[in-house]
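A.B. asks: In order, the protein sequences belong to chains A and B.
Take the first sequence: its letters are residues 155 to 445, numbered as in the working numbering.
Take the second sequence: its letters are residues 536 to 824, numbered as in the working numbering.
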Amino acid sequence: MSGLSNKSGLSPRPVEALTAEEQAAEVADRRRARLERFWQGAIFVFIVGGWEISARTGVADPFFFGQPSGVIATIWRWSTRGTPQGPLWQHVVVTLEEAVLAFCIGVVIGVVAGFALGRNRMLAAAFGPYIRMGNAIPRVILGSIFVIWLGLDMASKVALGVTLVFFIVFFNAFQGVREVDPNLVNNARLLGAGPRQLSFDVMLPAALGWIISSLHTSFGFALVGAVVGEFLGATHGLGYLVASAQGAFNANGVFAAMAILSVVALIADFLVTRLERRLTPWRQTATRSSL
Amino acid sequence: MPNPGRGRAEIPNPAVAAVGQGGPTIALRDVMKRFRTSRGDFYVAVHSLTFDVAGGEFCAIVGPTGSGKSTTLNLIAGLDTPSRGQAFVLGQPVTGPNAGVGYMFQTDAVFPWKNVLANVATGPLYRGAGREEAVRRAREWIGRVGLAGFGDRYPSQLSGGMRKRVALAQTLINEPAVLLMDEPFASLDVQTRTMMENELLELWSGTSASVVFVTHDLEEAIALADRVLVFTAAPATLKRSYEIDLPRPRNVTEVRFDPRFTQLYEHIWQDLRDEAVIAYERSLQQVRS
Numbered sequence: 155m156s157g158l159s160n161k162s163g164l165s166p167r168p169v170e171a172l173t174a175e176e177q178a179a180e181v182a183d184r185r186r187a188r189l190e191r192f193w194q195g196a197i198f199v200f201i202v203g204g205w206e207i208s209a210r211t212g213v214a215d216p217f218f219f220g221q222p223s224g225v226i227a228t229i230w231r232w233s234t235r236g237t238p239q240g241p242l243w244q245h246v247v248v249t250l251e252e253a254v255l256a257f258c259i260g261v262v263i264g265v266v267a268g269f270a271l272g273r274n275r276m277l278a279a280a281f282g283p284y285i286r287m288g289n290a291i292p293r294v295i296l297g298s299i300f301v302i303w304l305g306l307d308m309a310s311k312v313a314l315g316v317t318l319v320f321f322i323v324f325f326n327a328f329q330g331v332r333e334v335d336p337n338l339v340n341n342a343r344l345l346g347a348g349p350r351q352l353s354f355d356v357m358l359p360a361a362l363g364w365i366i367s368s369l370h371t372s373f374g375f376a377l378v379g380a381v382v383g384e385f386l387g388a389t390h391g392l393g394y395l396v397a398s399a400q401g402a403f404n405a406n407g408v409f410a411a412m413a414i415l416s417v418v419a420l421i422a423d424f425l426v427t428r429l430e431r432r433l434t435p436w437r438q439t440a441t442r443s444s445l
Numbered sequence: 536m537p538n539p540g541r542g543r544a545e546i547p548n549p550a551v552a553a554v555g556q557g558g559p560t561i562a563l564r565d566v567m568k569r570f571r572t573s574r575g576d577f578y579v580a581v582h583s584l585t586f587d588v589a590g591g592e593f594c595a596i597v598g599p600t601g602s603g604k605s606t607t608l609n610l611i612a613g614l615d616t617p618s619r620g621q622a623f624v625l626g627q628p629v630t631g632p633n634a635g636v637g638y639m640f641q642t643d644a645v646f647p648w649k650n651v652l653a654n655v656a657t658g659p660l661y662r663g664a665g666r667e668e669a670v671r672r673a674r675e676w677i678g679r680v681g682l683a684g685f686g687d688r689y690p691s692q693l694s695g696g697m698r699k700r701v702a703l704a705q706t707l708i709n710e711p712a713v714l715l716m717d718e719p720f721a722s723l724d725v726q727t728r729t730m731m732e733n734e735l736l737e738l739w740s741g742t743s744a745s746v747v748f749v750t751h752d753l754e755e756a757i758a759l760a761d762r763v764l765v766f767t768a769a770p771a772t773l774k775r776s777y778e779i780d781l782p783r784p785r786n787v788t789e790v791r792f793d794p795r796f797t798q799l800y801e802h803i804w805q806d807l808r809d810e811a812v813i814a815y816e817r818s819l820q821q822v823r824s
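#1: Please return the same chain residues whose Cβ sits closer than 7 Å to the Cβ of Gly400 of chain A, not counting the five positions on each side in sequence.
#2: Between the alpha carbons of Ile302 of chain A and Gly268 of chain A, how many angstroms are there, rounded?
#3: Do we get a CB-CB distance below 7 Å when we pair Ala644 of chain B with the residues of chain A?
#4: Quick check on the DSSP output: the alpha helix (DSSP H) that includes Ile291 of chain A runs from which residue to which?
#5: From the beta carbon of Leu429 of chain A, is the nearest beta carbon of chain B less than 7 Å away?
#6: Could you spell out where the alpha helix (DSSP H) holding Thr228 of chain A opens and where it closes?
#7: Among the candidates A:Arg210, A:Arg235, A:Thr234, whose CA atom is the shortest distance from the CA of Gly224 of chain A?
#8: Determine the direct distance from the alpha carbon of Ala196 of chain A to that of Ala182 of chain A, and round the result to whole angstroms.
#9: Taking Cβ-Cβ distances shorter than 9 Å, what residues in chain B pair up with Gly346 of chain A?
#10: Can you list, in chain order, the residues of its chain with a C-beta nearer than 6 Å to that of Ala380 of chain A? Leave out the 5 residues immediately preceding and following it.
#11: Would Pro617 of chain B and Lys568 of chain B qualify as a contact pair, given that the criterion is a beta-carbon distance under 7 Å?
#12: Quick one: is Leu425 of chain A buried, meaning 16 or more other Cβ sit within 10 Å of its Cβ, or exposed?
#13: Taking Arg343 of chain A as the query, report the chain B residues whose CB atoms sit under 7 Å from its CB, ordered along the chain.
#14: Checking the sheet assignment: what are the DSSP bridge partners for Val581 of chain B?
#15: I want to know whether the stretch 738–752 of chain B touches the stretch 578–591 of chain B - three or more CB-CB distances under 8 Å.
#16: What runs of the beta strand (DSSP E), each 3 residues or longer, lie entirely inside the stretch 754–806 of chain B?
#17: Just the C-alpha distance for Gln805 of chain B and Glu718 of chain B, rounded to the nearest angstrom, thanks.
#18: Can you list, in chain order, the residues of its chain with a C-beta nearer than 6 Å to that of Ala360 of chain A? Leave out the 5 residues immediately preceding and following it.
#19: Mind listing the chain B neighbours of Gln351 of chain A? Cutoff is C-beta to C-beta under 7 Å, in chain order.
#20: What does Asn340 of chain A touch in chain B if you count any residue whose Cβ is under 9 Å from its own?
#21: Straight-line CA distance for Arg817 of chain B to Arg286 of chain A?
#22: Counting only the same chain and skipping the five closest in sequence on each side, list residues whose C-beta sits under 8 Å from that of Asn786 of chain B.
#23: Hey, would you say Ile461 of chain A sits closer than 7 Å to Ser368 of chain A, going by beta carbons?
#24: Which of the three DSSP states, helix, strand or coil, is assigned to Arg273 of chain A?
#25: Whole-angstrom Cβ separation of Val749 of chain B and Ser605 of chain B, contact assumed at under 8 Å?
#26: Can you give me the Cβ contacts of Ile708 of chain B inside the same chain, cut-off strictly under 7 Å, excluding the 5 residues immediately before and after it?
#27: Return the CA-CA distance between Cys594 of chain B and Leu255 of chain A, expressed in angstroms with no decimal places.
#28: Using beta carbons (cut-off 7 Å, strictly below), is Trp205 of chain A in contact with chain B?
#29: Would you say Trp648 of chain B faces chain A, with C-beta separation under 7 Å as the test?
#30: So, is Tyr638 of chain B buried or exposed, given that buried needs 16 or more other C-beta atoms within 10 angstroms?
#31: Taking only beta-carbon positions, decide if Pro336 of chain A is within less than 7 Å of chain B.
#32: What first and last residue would you give for the alpha helix (DSSP H) that runs through Gln726 of chain B?
#33: Can you name the residues of chain A whose CB is closer than 8 Å to the CB of Ser745 of chain B?
#34: With a threshold of 6 Å on Cβ separation, who are the neighbours of Ala544 of chain B within its own chain once the five nearest residues in sequence on each side are excluded?
#35: Within this structure, are the beta carbons of Val597 of chain B and Ala771 of chain B separated by less than 7 Å?
#36: Among B:Gln726, B:Leu738, B:Asp809, which one has its Cα closest to the Cα of Glu710 of chain B?
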């Protein structure tokens, strides 16, 4: 895997033994990598261990602050015997469904709108101020409105998620189209591209990098939309679990729902990264070398 | 200030009428281009520009920095419109990007999201060729620029010289009657650059294209061109035109040792140096004020 073995493989001469200095440098590199991993682990142990110890010794009251072993026990109980509000998987599925729906709808509207406004100066000038105004509204307040309008069902959560996702994707798509290298556009025009080809063969792929980098953040926001919506009023979902645990003064329950949510978010991020590689194969070499 | 775009169409210009079919491949007639600056006044990029490029002629433009060389190319390409005067390509007034014109830019303008084959096939596909035919012709051109076997690579996986070859194939596959090149090899190292220059001459000799090659390197201009146009410092215009009577086919490395080459170089350099000095002094003044 290392670049060193690669280079010596290409050279016509047989592989030479490493000099003492090279060997020392490699050993030092490996030692430093080990040390980095050690500190990563140490910080986790310090925080979680410190939490557990202060809970057990009574420094931090576990009633208010919970305790890691209690959180793990809660997750275990929820996943084996179900939550007080029904099986855990049901809540996870509901939240995921809301988030994925909000994400898809928000991305589609965001990309279409961003692309249209990026391509058309008149549209951008006409709608620009209103979109900025819309983006300035604190979205959590919209959540209450959506509950009134759309009820306690999934629709109000999806709507809240869409308002969060839309703006992120919109601004990225818009910027992506605006920042297309004018040389590329000129080159395409001289090669014979019409307006349609300029849009879909040049502008869109050029903006794709921007759009896709916004997908990471926006799925996180879709989840936030779903959870906050559920928190404000729902009958299912992880946000509803948090709200119920809070109502029962169950700190461990709040943390357990949070931990589950984080795992879901991490898995989603991983999937978006996979999608990114799939959609932008020309960037793969760059991404890989940076890893 | 009168609107320069409106006045042009109404006032008949005798010089404009003189350019018809069967004339020079490129003709510029009293062309002026100015841009509005952020301070509200005008910056004249080129003015009183009149010159012809014959069919199959290789013409190099040299001049100090900021002497409107790239603007001239953009006017011929139809990416910009003149504020006054008119540019003609193949006898037709230039009104927009023209199917007969190929343009190689100074910076990389190959599409990073397309592999080499798709990049080279872009032109034919845009111009309505079938996928099969476009791919066949693209393969042919990839071979011709020495990139056979690299069709599935993306530009980010290629070296600078290889990307230039892709750009060259991408431009030449359209078989342009006019090839515009804006310091295309400026970013390359000297060895790669010489190699590309020789390759360009070889590829060009197989076509009947007229070339306008902008460079700030006088040696490159003389080694490649049939004619060298020297531009003045800004506000730029054509100062003098020099015929380069070195025999073809040329090897750009060997031709530099030709005594005639040195003679031409010294001659043109006098002109160019004067303009470079003016441009430099002007830039000093600008920094001071």
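Cβ atoms here follow ideal geometry from the backbone N, Cα and C, with glycine treated the same way.
These numbers were taken from a predicted model, which means no experiment stands behind them.
C.D. replies: In brief:
#1: It should be pointed out that residue 400 of chain A corresponds to Gln in this sequence rather than to Gly. Cβ within range, chain order: Val408.
#2: Going from the Cα of Ile302 of chain A to the Cα of Gly268 of chain A covers about 29 Å.
#3: For Ala644 of chain B, the answer is yes, since a Cβ of chain A falls inside 7 Å of its Cβ.
#4: Where Ile291 of chain A is concerned, there is no enclosing alpha helix (DSSP H), given that its DSSP letter is neither H nor E.
#5: No, Leu429 of chain A lies away from the interface with chain B (no Cβ there is under 7 Å from its Cβ).
#6: Looking at the DSSP string, the run of the alpha helix (DSSP H) that includes Thr228 of chain A is 222–235.
#7: It is A:Arg210 whose Cα lies nearest to the Cα of Gly224 of chain A.
#8: Linking Ala182 of chain A to Ala196 of chain A through their CA atoms gives a straight-line distance of about 21 Å.
#9: Per Cβ cutoff of 9 Å: Pro632, Ala634, Thr657, Gly658, Pro659, Leu660, Tyr661, Arg662, Gly663, Asn709.
#10: Within its own chain, the residues whose Cβ lies closer than 6 Å to the Cβ of Ala380 of chain A, once the five positions on either side in sequence are excluded, are Thr249, Glu252, Ala253, Lys311, Gly315, listed in chain order.
#11: It is a contact, given that the beta carbons lie within the stated cut-off.
#12: Result: exposed.
#13: Against Arg343 of chain A, the close residues of chain B are Pro632, in the order they occur along the chain (beta-carbon pairs closer than 7 Å).
#14: Paired residues: B:Lys568, B:Ala771.
#15: Yes, the stretch 738–752 of chain B is in contact with the stretch 578–591 of chain B.
#16: Here the runs fully enclosed are 762–766, 773–778.
#17: Straight-line spacing of the CA atoms in Gln805 of chain B and Glu718 of chain B works out to 22 Å.
#18: If we look at Ala360 of chain A and ignore the five residues flanking it on each side, its Cβ neighbours are Val334.
#19: Tyr661, listed in chain order.
#20: Within chain B, the residues near Asn340 of chain A are Asn609, Ala612, Leu614, Pro632, Tyr638, Phe640, Ala644.
#21: For Arg817 of chain B and Arg286 of chain A, the distance between alpha carbons rounds to 44 Å.
#22: Excluding residues within five positions, the ones whose Cβ falls inside 8 Å are Asn733.
#23: With chain A running from 155 to 445 in the structure shown, residue 461 of chain A is simply not present.
#24: If DSSP states are grouped into helix, strand and coil, Arg273 of chain A belongs with the helices.
#25: Indeed they touch by this definition, with Cβ atoms about 6 Å apart.
#26: Here the set comprises Val655, Gly658, Pro659, Arg672, Ala673, Trp676.
#27: Taking the straight line joining both Cα atoms gives about 60 Å.
#28: With 7 Å as the cut-off, Trp205 of chain A does not count as an interface residue toward chain B.
#29: Closer than 7 Å to the CB of Trp648 of chain B there is at least one CB belonging to chain A.
#30: Tyr638 of chain B should be labelled buried.
#31: Taking 7 Å as the CB threshold, Pro336 of chain A stays off the interface with chain B.
#32: Residues 725–740.
#33: Listed by position along chain A, the residues whose Cβ is nearer than 8 Å to that of Ser745 of chain B form an empty set, because the closest Cβ is around 15 Å away.
#34: In this prediction, Ala544 of chain B has a pLDDT of 43, which is less than 50 and means its spatial position is unreliable; what the coordinates show is noted afterwards. For Ala544 of chain B, where only same-chain residues beyond five positions count, there are no Cβ hits under 6 Å.
#35: Taking 7 Å as the Cβ cut-off, Val597 of chain B and Ala771 of chain B do not qualify as a contacting pair.
#36: Residue B:Leu738 is the option with its Cα nearest to Glu710 of chain B.
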